[in-house]
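Novice: In the order they appear, the protein sequences are chains U, H, V and F.
If you count the first sequence from 1, position 29 lands on 29 in our numbering, and the numbers rise without skipping.
To get our numbering, take the position in the second sequence, counting from 1, and add 441.
To get our numbering, take the position in the third sequence, counting from 1, and add 979.
To get our numbering, take the position in the fourth sequence, counting from 1, and add 1334.
Built from N, CA and C at the ideal position, the CB exists for glycine as well.
None of these values were measured; they are calculated from a predicted model.
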Amino acid sequence: MRGRKITEWIIDNLVPIIFVLFTIVGFSVSDDVPLVFFFRELSSRFFRNIILVLSLVIPVIAGLGLNFGIVIGAMAAQAALVLVRFFDAGGIPGTLLWFALSFPVALFLGYLTGKLFNKTRGQEMIAGLIVGFFANGVYQFVFLYCVGGLIKVPADHPMVKPDGVGLRATIDMGKPAEGGLQYAIDGIAKMPLVWALLLASVIGLVVLFFIYRKRRMLNRAESKFGYYFKAAVLLVAAFFLAGEIRGNTMLMNVEIPLVTSVIVVLVCIMTQWLVETKLGQDFNSVGKSQYISKVSGIDVDRKRIIAVMMSTVLAAFGQIIYLQDMGTFNTYSSHEQIGMFSVAALLVGGASVAKANIGHAILGTILFNAMFIISPEIGQAVFGQVLLGEYFRTFMVYGVIGLALGIYVWKTNRQKSLLIIKEASDSVSGYASGNSQEVKN
Amino acid sequence: MNTCLLNIKNVSKEYNGNQVLKDVSFSVMKGEIHALVGENGAGKSTLMNILFGMPVIHSTGGFKGSIEIDGKRSSIKSPVEAMRAGIGMVHQEFMLIPGYSITENIKINRETTYDNIISRILSKQLQTLDRVKMAKDARRALDSLDIGIEEYVKIEGLPVGYKQFIEIAREIDKEGLKILVFDEPTAVLTETEAANLLSAVQRLAANGIGIVFISHRLDEIMDVADKVTILRDGSLVVTKEKKDTDPHEIAQLMVGRTVSIRRNETADQKKFGSSILSLKNFHVEMPGEQVKGVDLEVKEGEILGIGGLAGHGKLGIANGIMGIYPATGEAVFDGRQLKPNDSKNSIRSGLAFVSEDRKGVGLLLDESIEMNIVFTVMQMNNSFTHDLGFAKIRNAEAIRKHAKKMIDDLDIRCTSSLQAAGSLSGGNQQKVCLARALTQNPRLLLISEPTRGIDIGAKKLILDLLLELNRKHNMTIIMTSSELAELRSICDRIVIVCEGRIEGILPPDASDTDFGLMMSGSQRRLKVKTGETGHGGH
Amino acid sequence: MADIKAGIRKSGRLIKGFGLARLILGIFFIFLMTLGFFLNLGIGEIIGDILRRVGMNGILVLAMVPSIQSGTGPNFALPIGIVCGLLGIVYSIEWGFTGLMCLLVGFGMAVIFATVAGYIYGRLLNSVKGAEMMIATYTGFSVVALFCLAWLMLPFSNPGMSWFLGKGLRETVQLDIAEAGQVFNNFLMFKVGSAVIPTGLLLVFGLLCFLVYLFFQSKTGIAISAGGMNPKFAEASGLDIDRNRIIANILSTILGAIGIIVYSQSYGFVQLYAAPLMMAFPAVAAVLIGGATASRARVSHVIIGTTLFQGLMTISMPVTNVIFAGADLSEIVRAVIQNGIILYALTQVKGGLKI
Amino acid sequence: MKRCGFAVLSVCFLVLAFAFVTVGSALVEAAPVGKVAIVTNTVSSNEEEYRSAQVAMEKYPDRVVHRTWPDNVAKEQEQMITVLQKIGADPSIKAVVLNQASPGSNAAVDKLREIRDDMLIIYCNYSENAPDVAKRADIGLLGNSMEMGTRIAIQAKKLGAKTLIHYSFPRHLSIPIFSVRRDNMKKKAEELGLTFLEVTAPDPMSDAGVSGTQQFIMEDVPKKINEYGKDTAFNGTNCAQQIPMIKQVADLGGIYVVPCCPSPFHGFPTALGIDASGDKKYDVEYIIGATREKLKEKGVLGRFSNLPVPGALLLSHTGVEYALMWMDGKTNGKMDDAVLKKLMEDFAGVQVDFEKLQDSGVVYDNLLLYIMDFIVY
């Protein structure tokens, strides 16, 4: 019995487990991975990508699966960026303008995507994937041909190709000093990673305590053990960190962008908070059963569209954070991998098509990027060739998505076959019986 | 106790041509439990669909007549409006989200919330859930049905009995609930669960809620109902006070009808051969039509009818025999044990099946008629194919020829044998299914709901055809149908199934009352009751 | 179940819908052709190219038919088949076969690999019913990525194929080293005006089309399409649907494998590494343009679709080059048409579950 | 509950990582004699570059480190950053040679500079905006494509061309170097009375993929030869185009001036199926000879030309040697023209013309352009 429980748990968390092992193995086999390098990279990658990954959570809750359509959000942000840079605004005001411009665009595109998803019910993910490709075509049309082709622009503008039609392949966003946008947000203030982690673990403890109290209030009979365990772990972490600070090791010079992390925390809180609102609950209901939600008077299609819009806007903001940290902007390729990588990251965190939360997003982003940092090393150490590590990494990205999706569907199918009768309460056949009644009369 | 909550006035409804409700009227008083009984297709569900403004109704041209709630004439266009108007429904198949806690299910789309900064600025949609209050409400609702179960437990894994109660809890939690409709609430419950439920129902009524109680269990009705309204063939038979009627009368009124198709000979004139199919303790896991242990002997050369109410497993039997749904127990056909869950085996051993779900299981709608006719035999014993050694290619001419013959024999009305089966009328589609079955020339033909959704003319043709097959070619037939009349018109024996078991076997000319009682499974229970009167009242 | 009903009810309307989409594209195609004619871009050669491309890509598109008919939807995992084909031809070259023999041995090997791969893939699809398309896509991707490793690590000794300066296979292996380039194309090739007709190539394509057509006239073929159309019906008639789905996907994978070999011989190079990654999408688009739906497809759809799609691709490039010099609209046109069509098809899949 | 499981996992993972810290820092302290890191594309995206780095490694096994960009550069900027970060984290590495400095290098270098402003950074064969490069690189080495444009036209004329066709696509033409190259080519061609023709080919980075590009070239070259006759000179800006182009031109007897990345190793061996296994690997003479053979068979000798020196090898060699000299203090500051020029000429063995890059009027002192004369096969 217990054995079966454990195997169940392993199947459920197969993907994250693979990655934890992968990273740990990576560490042990690759002889020289300076910790400083590792953590600097990990933290900067984390802050670049986390919001993009977070933007995937809401659609999952609303039952739309993994929204590959966030690519469109990214495009919105880039379109906005082009405008901002064209009138070469920069610094904080430039950034604010950037946000302001990308918001409505993302909102609108999100609306269209939502519409599409309602038309392709049950096929949202593949539709999202394809609509990404499709939008990419349009995006190129606009920035390669319309700019300068239809919309007249000065041919000598640094962003415009010498021949006066279309934008250059890479656009340097410039340093804030020169009124640029690079580090416009990250640059404002920094703090040592170690301190941040320490803070996080302390806050973690507090939050844990409050959750615990709330659960008690709703008199849930839960095992206290879980809480104690988590608390213990956090304490240990805190202790280590304190040690680092006192020892003032190399790790102390790894810094994280303060404002960005604040934004991230805010987004997390907002998402979590949204789940606790009426709207969030509706998303949840729609996600769990469209039919029952419909019958209980929830406007299913509308909710789904709202969810997609939220996700798209969030994605746009995510891309802003990403680009302002990168500093240079590949006009025609910065957005392409976004969908693929973010989805993979979320899945790595242990989310599934039907279940995702902030925890998954955060853990996923950490593990996924850790893998990216480590994989060349593994390629080097195991295969003796960096290139092999490269291909291996690509394989992991695709493989993970495939695997995670596979496991999920396989499990649901298996459950279905286990309890045929339960199916009656399942939304689809619930509908079926709805109209077989119509046949009867 | 005399204010009229619900008043249905001469409501009529027809689905593309055929009348399913003919000006039905009845009314429900405050605190009254009003039982609504009738066979399947009597029009109960249509009536309820109308009451709930189900899209089905309005997409098919609305209905005639009027509905008054609390004295006000109301036109309900959607389930939501029905909810607002104070009509609640306890569904037969549960409208509960397994992944949700009881509270969340009770409160779905009616969550209690409180304001926060953002919601004040943006929209009420963003108000925070007041989980504590929600839990309280849920608790209250549950308590009022005195159910001990914790409100934060998830639905999945709960016994059906509880689910039924949670459905009720959800309805009574809706403020301003006036009328509550129970659709076969006890169908899936155990005796004790049912007992609790009934007492709960009575308590609700006592609180002044009008209750429409749809059930086939006449004994229950006698226990709880104040009034009984009987529907038959879409028209109101009578509404009676409980006290001046009794189960036998109800049963009689429910079933009794002018049998549309006269039978010209009676069973006893015929001599039947030995048993060709025998079932022992036969179980079938067919969703909604479970069979819970059936023993049955089918004699060679007879037409055996299987009747009973929907959801009681009469359909399960045939599907089980054919291995379409997982079955356990013993099924011996012609001396050989049938492999369970193995359609191939069943077909190979000489059984043919015409499914009740014509469009779903019976036909390849966008394939040609001829392919539909020969499909099974082609797959099962390679007939109608050229054998090229490495592959078997279909033999167009042979197929064409056979199809032509069948089309003539059963006179299937079609432009050509290449016409898509989907484009045929119901009757002709049924004939195509039959044609396929006959092409297998089976020893035993199972046919379910042969006349469902077919106009009266075609009905007659099909039934005559079956009769002819049996009498002329001495083909054994098991015919499952929810229309007693047609069973009685051609069957030699009629098995009545109730709650997954065989309630009894009747000759076609048995009295309406017997049929009624058996179908409602009340016979047995009434016997029990008279045995142990003391507990009668709960 | 509701879905199946909906699906079937839809299909009728669907054909019309696609008829329209097809019509528009057809007109667009003819328009471009005439335009090309007036811009005298040498329509003759263009027609020749179109025919060649049809021959090259046709079989890959043909691979969609079995998978669609069996109800697993368009074979987005086409790369699996492609990789098998590549493996086959590469081995055949490695063993020093030349000319037609090289290709035939390639076919042989490819079929063997493809059968195994297809079987496994079919099993996979059966365990993930309902989400085939998505998972197929990613299975395809990961297989390609996996084989990037393989190409680099597999021990091949033929210097013509290994990296010019080191170990592992080249990105593009030249078929001339086995005199296997354009073998089919040149068979009975003749010219009409300036249009080159690659007879052999078209014959191969035609032959395979015929075989597939024949297959779906056969008992098994009929069973497979029945299973795709209405699983319940098929089961009730005592068919083993899972088995049929596997057969169909093996077939599809084999066609993919053969397809890529024919493609490579016409093209003259075998492309390894990332090349197969995106190859499924044009094929899917083509069959859909041809009038197939995600649940029904015929050989005729393949022929029409491939001609239309490849035709558009071929003609749009030179035409747009002339009209808007400098701007690579043709690229964009392709991206938009191709993905637009797939999207359109998706909006029709199962008609979604209406609620 | 599951979620908490993950939280636990992650925290454990962090803790575990911290356990290494002391090790990590210890490892960082020790700093031997300076090393050079050379970053190239993967073997599959540009074989010659990759091998050129290998050569350098073989020469100085303990002073040269070889890293590669991700396989799909355009889409994986973050990975590029990681590569340089990894290099930066090793204090013993004091110089980086980017050969080639693909798009995205700038972002990566920015991040590298943040942690290691002491580093010597050499861009080879860069394709990003010159001004941006000048800001970041200490030295930029680039084949003089702009000049090359002009020279191609002249060389085409020499080889007897009447028409000159230029294949490219917007993503490339959005890179100034290429567009200027094209413009010069055009100008000169028209001066010399050649018909200049511009053709857009599919972008191999787009979802048409490499196959799309190569297929297009395969089809288009014959058309053009039919249209403009054999005396047509072909050239393109993208590596993927070269193989099919050389193949077709050789078969149909056109004219081919020089590959996009001038080098005897580029395109020709694959396109003409030259076998150079074993000891012949880096033997330039041999390759040129073999190429002549093949072209002779096809009877197009004297219609093909190329630069005598493999560009990537030249750049890697120069970059590495220079970096080492710089570390050993043998150069005059970070940018020492004299040394650079000497290194290159020695390696090339032919006369090399140098020039400072200028973009919209500004001359960039640290961006050196080189070019040499063609050899005709």
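1. Taking the alpha helix (DSSP H) that proline 1510(F) belongs to, which residues open and close that run?
2. What does DSSP give as the partner residues of lysine 450(H) in its beta bridges?
3. For the alpha helix (DSSP H) that contains arginine 85(U), what are its first and last residues?
4. Using the C-alpha atoms, what's the distance from isoleucine 10(U) back to tyrosine 111(U)?
5. Whole angstroms is fine: what's the gap from glycine 962(H)'s alpha carbon to histidine 724(H)'s?
6. So glycine 651(H) is in the beta strand (DSSP E); what residue range does that whole segment cover?
7. Hey, is asparagine 1463(F)'s beta-carbon within less than 8 Å of any beta-carbon in chain U?
8. So with Cβ pairs under 8 Å, would you call lysine 1170(V) a contact of chain U?
9. Run through DSSP, which three-state label would asparagine 1700(F) get?
10. Hey, could you find the ends of the beta strand (DSSP E) arginine 835(H) is sitting in?
11. In the DSSP assignment, find the beta strand (DSSP E) that holds arginine 572(H) and state where it starts and stops.
12. Span of the alpha helix (DSSP H) holding threonine 312(U)?
13. Exposed or buried, histidine 1506(F), counting other C-beta atoms within 10 Å across all chains shown (16 or more means buried)?
14. List, in order along the chain, the chain F residues whose C-beta lies closer than 8 Å to that of threonine 1364(V)?
15. 8 Å is my cut-off, CB to CB: does methionine 821(H) come that close to chain V?
16. What are the complete beta strand (DSSP E) segments, minimum 3 residues, inside the region 1179-1259 of chain V?
17. Since asparagine 330(U) meets chain F, which of its residues come closer than 8 Å, beta carbon to beta carbon?
18. Who are proline 257(U)'s beta bridge partners in DSSP?
19. Tell me, please, whether the CB atom of phenylalanine 1212(V) is closer than 8 Å to any CB atom in chain H?
20. Using the beta-carbon count (16 or more within 10 Å), is aspartate 186(U) buried or exposed?
21. Looking only at its own chain, which residues have a Cβ that is under 8 Å from the Cβ of arginine 1031(V), when we skip the five neighbours before and after it?
22. To the nearest angstrom, report how far apart isoleucine 758(H) and valine 732(H) are at their CA atoms.
23. Between Met1257(V), Thr1199(V) and Val1298(V), which lies nearest to isoleucine 1009(V) when the distance is taken from Cα to Cα?
24. Any C-beta of chain V sitting closer than 8 Å to the C-beta of isoleucine 449(H)?
25. By Cβ distance, which residues of its chain are closer than 6 Å to proline 767(H), with the 5 residues on each side in sequence left out?
26. Kindly indicate the opening and closing residues of the alpha helix (DSSP H) around leucine 1531(F).
27. So, for glutamate 124(U): in the same chain, excluding its five sequence neighbours on each side, which residues have a beta-carbon less than 7 Å away from its beta-carbon?
28. Near lysine 230(U), what residues of its chain come up, given a Cβ to Cβ distance below 7 Å and the 5 sequence neighbours on each side ignored?
29. Give me the residue from Arg1275(V), Thr1094(V) and Thr1077(V) with the minimum Cα distance to valine 1062(V).
30. For glycine 1085(V), which of Met1168(V), Ala1157(V), Asn1054(V) and Pro1210(V) has the nearest alpha-carbon?
31. So is valine 1370(F) buried or exposed if we call it buried at 16+ other beta carbons inside 10 Å?
32. Taking only the alpha-carbon atoms, compute the straight-line gap between glycine 1570(F) and lysine 1558(F) and give it to the nearest angstrom.
33. Between the region 1125-1149 of chain V and chain U, which residues of the former have CB atoms less than 8 Å from a CB of the latter, in chain order?
34. Pick helix, strand or coil for asparagine 284(U), following the three-state DSSP scheme.
35. So what does DSSP say about leucine 1454(F), is it helix, strand or coil?
36. Look at alanine 1605(F) and lysine 1630(F) and say whether their C-beta atoms are less than 8 Å apart.
Specialist: Taking the structure as given:
1. 1510-1525
2. Ser507(H)
3. 70-86
4. 38 Å
5. 19 Å
6. 651-655
7. yes
8. no
9. strand
10. 833-835
11. Taken as a continuous stretch (DSSP letters only), arginine 572(H) belongs to no beta strand (DSSP E), being part of the alpha helix (DSSP H) at 572-585.
12. 300-326
13. buried
14. Since the first residue shown for chain V is 980 and the last is 1334, residue 1364(V) is missing from the structure and cannot be characterised.
15. yes
16. 1248-1250
17. Ala1408, Gln1411, Pro1437 and Gly1438
18. Lys190(U)
19. yes
20. buried
21. Asn1164, Val1175, Pro1177, Leu1180 and Ser1245
22. 7 Å
23. Val1298(V)
24. no
25. Glu726 and Asn782
26. Where leucine 1531(F) is concerned, there is no enclosing alpha helix (DSSP H), although the beta strand (DSSP E) it sits in stretches over 1529-1534.
27. Leu64, Gly65 and Phe117
28. Leu208
29. Thr1094(V)
30. Ala1157(V)
31. buried
32. 14 Å
33. Leu1125, Cys1127, Leu1128, Leu1131 and Met1132
34. helix
35. strand
36. no
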